[in-house]
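Using the numbering used here, you'd call the opening residue of the first sequence number 259 and step up by one each time.
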Amino acid sequence: MRRDPRAHRRIRSVSGEPAADQRILLAQTETGLAAVPLVAGEPATEIIELGGDGIAEWVAREEELRSPRWVIRSARDLYPRLLAAGVRLTRTHDLVLCHAILRDTDVVARPLAPSEDWIPRQPDTAEPALFDADERGGPMPIAELVAQYREQVRVIGSDRTGRLALLCAAESAGGLIAEEMRAAGLPWDADEHDRILTEVLGARPAGGGMPAHMLAHAEAVRFHLGAPGLHLDSHPKLLRALHRVGVNVESTSQWELGEISHPVIAPLLAYKKLSRLMSANGWAWLTEWVRDGRFRPVYIPGGVVTGRWASSGGGALQVPRILRPAVRADPGWMLVVADVAQLEPRMLAAMSADRAMAEAARGQDLYAGVVASGAVVTREEAKYAVLGAMYGATTGDSGRLVPRLRKVYPRAMHRVDEAARIGEDGGVVSTWLGRSSPRPDAGWQAQQAAATGADTDPADVKRARARARDRGRFTRNFVVQGTAAEWALIWLAEIRHRLRQLPDAAAPAPGSGPFARQAHLAFFLHDEVILHVPQEQADAAASAVREAAAVATRRLFGDFPIDVPLDLKIVRTAEK
DNA sequence: AGAAGTTGCGCG
DNA sequence: AAAGCGCGCAACTTCT
259 MRRDPRAHRR
269 IRSVSGEPAA
279 DQRILLAQTE
289 TGLAAVPLVA
299 GEPATEIIEL
309 GGDGIAEWVA
319 REEELRSPRW
329 VIRSARDLYP
339 RLLAAGVRLT
349 RTHDLVLCHA
359 ILRDTDVVAR
369 PLAPSEDWIP
379 RQPDTAEPAL
389 FDADERGGPM
399 PIAELVAQYR
409 EQVRVIGSDR
419 TGRLALLCAA
429 ESAGGLIAEE
439 MRAAGLPWDA
449 DEHDRILTEV
459 LGARPAGGGM
469 PAHMLAHAEA
479 VRFHLGAPGL
489 HLDSHPKLLR
499 ALHRVGVNVE
509 STSQWELGEI
519 SHPVIAPLLA
529 YKKLSRLMSA
539 NGWAWLTEWV
549 RDGRFRPVYI
559 PGGVVTGRWA
569 SSGGGALQVP
579 RILRPAVRAD
589 PGWMLVVADV
599 AQLEPRMLAA
609 MSADRAMAEA
619 ARGQDLYAGV
629 VASGAVVTRE
639 EAKYAVLGAM
649 YGATTGDSGR
659 LVPRLRKVYP
669 RAMHRVDEAA
679 RIGEDGGVVS
689 TWLGRSSPRP
699 DAGWQAQQAA
709 ATGADTDPAD
719 VKRARARARD
729 RGRFTRNFVV
739 QGTAAEWALI
749 WLAEIRHRLR
759 QLPDAAAPAP
769 GSGPFARQAH
779 LAFFLHDEVI
789 LHVPQEQADA
799 AASAVREAAA
809 VATRRLFGDF
819 PIDVPLDLKI
829 VRTAEK
């Protein structure tokens with residue numbers, strides 16, 4: 259276990275105000291919803307039954323009076339119904355999300371006992387119904403919820419640095435934001451999407467089948483392969499046909515085909531490109547995923563072990579750049595589009611307190627700073643070197659450049675090299691706020707153990723070493739990717755907090771559901787946000803995004819001088 | 001027939 | 001099988 263004294267600082271709640279002490283458990287019951295005020299050290303006795311009516315008013319009143327942190331089992335289960343009923347929660351403690359963190363964390367002596375009862379449920383794809391107690395498996399007894407909360411409080415309290423308190427608050431805020439973004443949706447112009455598809459793929463045949471441009475490329479490929487009836491989507495068949503005309507590739511991947519000079523290559527690559535767009539985000543996707551001018555993906559906060567969000571359905575995190583112009587604000591509204599350039603190396607510089615690397619990170623372009631430091635000659639080299647350092651490249655151009663960074667940024671490089679070493683040895687590493695990597699599984703450990711015997715087959719030793727290095731690269735990247743995810747989470751929470759201070763919109767955006775009258779987050783992807791805001795509030799919302807970034811940086815790294823600059827635009831349509 | 005695994009490619 | 005991290009998804013092949 260590693261404790262960094264610089265992580266010790268007074269932690270405040272993520273919503274920006276000093277943490278209030280009031281906690282109220284909000285629990286699903288057989289008949290509806292119950293509120294249970296929680297007082298430290300006292301049994302939870304007062305249970306307030308909340309019927310279907312008046313919940314919104316009651317919660318709003320409590321928010322006003324006591325600004326409690328609502329203890330909930332899971333925003334994913336509970337919040338869609340609340341939102342549909344017009345209830346908004348400001349701050350929560352999400353027991354399911356925090357369970358995962360506090361169960362695995364390596365920064366305290368006695369983490370949470372793992373329990374199957376707290377594994378996230380599958381995302382609910384059905385339309386939210388109003389408190390009809392249809393929770394799968396039935397609602398969890400209040401006593402059990404309270405007991406789990408008290409255990410989580412114990413673990414958080416045992417971390418004297420306050421990191422876990424901040425992480426759990428941020429993670430819980432993420433749980434709310436994920437549901438709010440789904441409820442609001444990403445404004446999506448289906449006509450523009452259709453126009454792009456028609457332009458790129460060609461006219462859509464009336465009776466289904468392949469669009470014109472795709473068909474033309476496919477015919478060209480078949481012609482050059484001398485294979486009239488060839489099915490291009492079957493890799494084995496395509497590969498054999500390529501071999502017959504002397505294109506000796508081992509796979510049909512675009513990077514390998516791109517190396518070859520042959521008349522079939524150009525139409526084949528073009529076909530693959532179009533085919534991808536057609537199957538991933540074609541008209542079928544549009545019909546299935548865009549309703550009433552909104553794309554509503556399912557976000558899964560903490561869905562990646564590093565703490566990044568995952569998504570389920572709709573490919574929310576893979577929307578191709580070419581379709582970005584289909585993201586369009588409603589009339590009278592604007593988009594605020596913001597992302598961070600090179601977030602991960604900036605996090606590395608700060609978490610390793612590497613002042614030389616932080617100096618290189620000053621301003622908009624970290625890679626230019628690396629060139630200026632003299633470590634490498636071109637920006638391109640800087641990029642490969644930095645990525646190679648974080649991903650664990652050992653060979654190729656990238657691997658060749660990494661040692662140069664070790665000379666110029668020894669502290670930063672030591673941080674990732676050490677994480678890799680721990681991972682190779684089967685150990686656990688943690689992010690800046692204390693989210694820890696999974697332990698190696700039994701198979702991995704058995705393989706390593708088997709490879710240490712004196713009379714082991716050299717091939718087994720080699721395989722074991724390779725698996726150990728695989729894990730080293732994973733833990734190397736874990737600390738950086740995971741800390742970047744923490745920064746982004748706090749950024750999001752702070753944006754949300756600020757947007758809630760803005761007045762109601764002059765003109766509503768009817769498609770945005772509960773957020774029709776309020777500036778809101780509409781999309782989030784690792785280091786990028788899209789806000790949908792009334793146009794008269796666009797500047798204020800942009801300021802909120804900038805302030806939130808500054809606060810996130812300070813909350814994580816205090817006074818350490820690290821720049822985290824934003825590329826921010828106020829636009830009607832998201833650009834490519 | 002359906003589950004499970006593979007390939008390839010979109011995103012950061 | 002990109003030189004190196006993390007994902008989700010569609011379409012295909014192979015296994016049961």
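Built from N, CA and C at the ideal position, the CB exists for glycine as well. Only a predicted model underlies this, so the values are computations on that prediction, with no experimental measurement involved.
| Query | Result |
| --- | --- |
| To which residues does DSSP link Lys827 through a beta bridge? | Val595 |
| First and last residue of the beta strand (DSSP E) that includes Ala293? | Leu291 to Leu296 |
| Just to confirm, are Pro326 and Gln280 a CB contact at a threshold of 7 Å? | yes |
| What's the C-alpha gap between Gln795 and Met648? | 39 Å |
| Alpha carbon to alpha carbon, how far is Leu691 from Arg421? | 5 Å |
| Rounded to the nearest angstrom, what separates Gly681 and Leu606 at their Cα positions? | 17 Å |
| In terms of residue numbering, what span does the alpha helix (DSSP H) encompassing Ala777 cover? | That residue, Ala777, is in no alpha helix (DSSP H); it is neither H nor E in DSSP. |
| Please classify Gln776 as buried or exposed, where buried requires at least 16 neighbouring CB atoms within 10 angstroms. | buried |
| For the alpha helix (DSSP H) holding Ala607, just list the boundary residues, first then last. | Leu601 to Met609 |
| Quick check on the DSSP output: the beta strand (DSSP E) that includes Tyr557 runs from which residue to which? | Val556 to Ile558 |
| Could you tell me whether the segment 438-446 touches the segment 356-365, where touching means 3 or more Cβ pairs closer than 8 Å? | no |
| If contacts are defined as beta-carbon pairs under 8 Å, then Tyr557 and Ala436 qualify, I think. What distance do you get, rounded to the angstrom? | 4 Å |
| So, with DSSP's three-state summary, where would you put Trp446? | strand |
| Return the chain-ordered list of same chain residues with a C-beta closer than 7 Å to the C-beta of Ala670, the five sequence neighbours on each side being excluded. | Leu606, Ala607, Ser610, Asp612 and Met615 |
| Sort Ala464, Val479, Phe773 and Leu783 by Cα distance to Gln576 and report the nearest one. | Leu783 |
| What's the call for Pro555, buried or exposed, on a 16-neighbour Cβ count within 10 Å? | buried |
| Any idea what DSSP makes of Leu308, helix, strand or coil? | strand |
| Classify Gln759 as helix, strand or coil using the three-state DSSP reduction. | coil |
| Could you tell me the distance, in whole angstroms, from the CA atom of His266 to the CA atom of Arg693? | With a pLDDT of 30 at His266, under the threshold of 50, the modelled position of that residue is not reliable, and the figure given next carries that caveat. Going by the C-alpha atoms only, they are around 16 Å apart. |
| Kindly indicate which residue of Leu601, Gly309 and Thr741 has the alpha-carbon position closest to the one of Asp785. | Leu601 |
| For the segment 320-361, list the alpha helix (DSSP H) runs that are entirely contained and at least 4 residues long, ordered along the chain. | 333-342 |
| Per DSSP, Ala568 forms a beta bridge with which residues? | Ile558 |
| Which class does Glu786 belong to by DSSP, given the choice of helix, strand or coil? | strand |
| Pull up the CB-CB distance for Trp567 and Pro559, whole angstroms please, since I reckon it's below 8 Å. | 5 Å |
| My understanding is that Leu663 touches Ala643, with C-beta atoms under 8 Å, so please give their C-beta distance in whole angstroms. | 5 Å |
| Kindly indicate which residue of Leu347, Ile305 and Glu514 has the alpha-carbon position closest to the one of Glu315. | Leu347 |
| Quick one: Cα of Gly685 to Cα of Gly701, how far? | 15 Å |
| By the DSSP assignment, the alpha helix (DSSP H) with Ile414 in it spans what residues? | Ile400 to Gly415 |
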